[in-house]
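Trainee: Can you keep this structure in mind? I'll have questions shortly.
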Ligand SMILES: [Zn+2]
């Protein structure tokens with residue numbers, strides 16, 4: 038029963054096909070996953086211990102199979118892979134299985150072993166047994182809309198500095214961003230796609246807070262002086278005044 042989270046073979050095939058890379062523009066072909074029990078016998082999907090998956094390109098180049106095997110190894114839950122290759126360049130040459138630990142019933146011992154086309158075979162199962170899986174709460178979203186109760190539909194703005202090549206027509210052809218990764222979100226710009234700007238909160242100090250000082254959320258436990266509260270921003274278009282700085286009093 039440990040293949041149950043992979044979904045039905047047809048669903049899993051579709052997802053796998055979409056996730057594997059194309060080779061020189063040629064999309065990958067994925068065969069129907071075969072549900073198998075621990076003895077490597079074909080069985081019903083709901084009894085499967087794992088699925089056997091086959092994938093190939095129309096080209097049979099060694100390079101394409103190497104790339105495909107690496108891509109399959111990276112799929113979560115894949116625990117064994119092998120390439121099926123001709124032993125020599127002759128089309129009638131017998132097949133070899135590149136992984137010596139590949140289960141014989143699915144490799145050297147299978148009746149159709151020499152009828153298989155060059156391809157990659159993979160075995161996949163759920164990464165954890167259901168009993169061993171801890172009940173994990175999803176990570177809370179740093180920002181959330183209090184009306185929605187989550188942060189799934191938020192939009193925010195950042196300042197970016199962009200540049201790019203100037204074309205003959207005098208405009209920039211495409212933009213290259215600077216410090217895109219480091220760009221800090223403008224907290225007061227965050228809005229909910231449904232509820233707008235009114236109910237946005239930030240997780241700070243272990244609690245969600247809606248209090249803002251100078252356009253940034255501040256933890257509720259922080260002492261808000263009367264002066265600081267004046268600068269609490271309710272409107273993203275309202276520019277907050279800078280607070281009086283200590284030591285700057287004249
Ligand atoms: Zn909302």
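Numbering (my numbering), first residue to last: 38 to 287.
The beta-carbon is built from N, C-alpha and C at its ideal position, and this holds for glycine as well.
Since we're looking at a predicted model, the values are computed, not measured.
Taking residue 189 as the reference, which of 231, 224 and 243 has the closest Cα?
Mentor: It is 231 whose Cα lies nearest to the Cα of residue 189.
Trainee: Would you please state the rounded distance, in angstroms, between the beta carbons of residue 195 and residue 223? I believe it to be under 8 Å.
Mentor: Yes, they are in contact, since the Cβ atoms of residue 195 and residue 223 sit about 6 Å apart, within 8 Å.
Trainee: On the DSSP letters alone, give me the boundaries of the beta strand (DSSP E) that residue 199 sits inside.
Mentor: Counting along the chain, the beta strand (DSSP E) containing residue 199 begins and ends at 198–200.
Trainee: Mind checking whether the beta-carbon of residue 234 lies closer than 8 Å to any heavy atom of ligand 1?
Mentor: Not under cutoff, so the answer is no.
Trainee: Ignore the nearest five residues each way along the sequence and tell me which others in residue 265's own chain have a CB closer than 6 Å to its CB.
Mentor: Note on residue 265: pLDDT 47, under 50, position unreliable in the model; the coordinate value appears next. Here the set comprises 250.
Trainee: Do you know how far the Cα of residue 109 is from the Cα of residue 32?
Mentor: For the chain, the structure presents residues 38 to 287; residue 32 sits outside this window and is missing.
Trainee: State yes or no: is the beta carbon of residue 139 nearer than 9 Å to at least one beta carbon in chain D?
Mentor: Absence of chain D from the displayed structure is noted, only one protein chain being present.
Trainee: Counting C-beta neighbours from all protein chains within 10 Å, is the total for residue 116 16 or more, i.e. buried, or is it exposed?
Mentor: Exposed, because fewer than 16 other Cβ atoms sit within 10 Å of the Cβ of residue 116.
Trainee: If you count every other CB in all the chains shown that lies within 10 Å of the CB of residue 85, and 16 or more means buried, which is it?
Mentor: Residue 85 should be labelled buried.
Trainee: Where does residue 101 sit, in a helix, a strand or coil, going by DSSP?
Mentor: It is helical.
Trainee: Sorted by chain position, which residues of the same chain lie with C-beta nearer than 6 Å to residue 256's C-beta, five sequence neighbours on each side aside?
Mentor: Closer than 6 Å at the Cβ level, and outside the excluded window around residue 256, lie 241, 242 and 246.
Trainee: Would you call residue 136 buried or exposed, if buried means 16 or more other Cβ atoms sit within 10 Å of its Cβ?
Mentor: By the 10 Å Cβ count, residue 136 comes out exposed.
Trainee: Using only CA atoms, which one of 97, 193, 209 and 73 lies nearest to residue 140?
Mentor: Answer by Cα proximity: 73.
Trainee: For the candidate residues 46, 107, 97 and 131, whose alpha-carbon lies nearest to that of residue 63?
Mentor: With distances taken between Cα atoms, residue 63 lies closest to 97.
Trainee: To the nearest angstrom, how far is the alpha carbon of residue 53 from that of residue 178?
Mentor: Near 29 Å, if we compare the C-alpha coordinates of residue 178 and residue 53.
Trainee: For residue 195, which beta-bridge partners are listed by DSSP?
Mentor: 222.
Trainee: Between residue 202 and residue 181, what straight-line distance do the alpha-carbon atoms span, to the nearest angstrom?
Mentor: The straight-line gap from Cα to Cα measures roughly 38 Å.
Trainee: DSSP three-state call for residue 50: helix, strand or coil?
Mentor: Looking at residue 50 - three-state DSSP - the assignment turns out to be helix.
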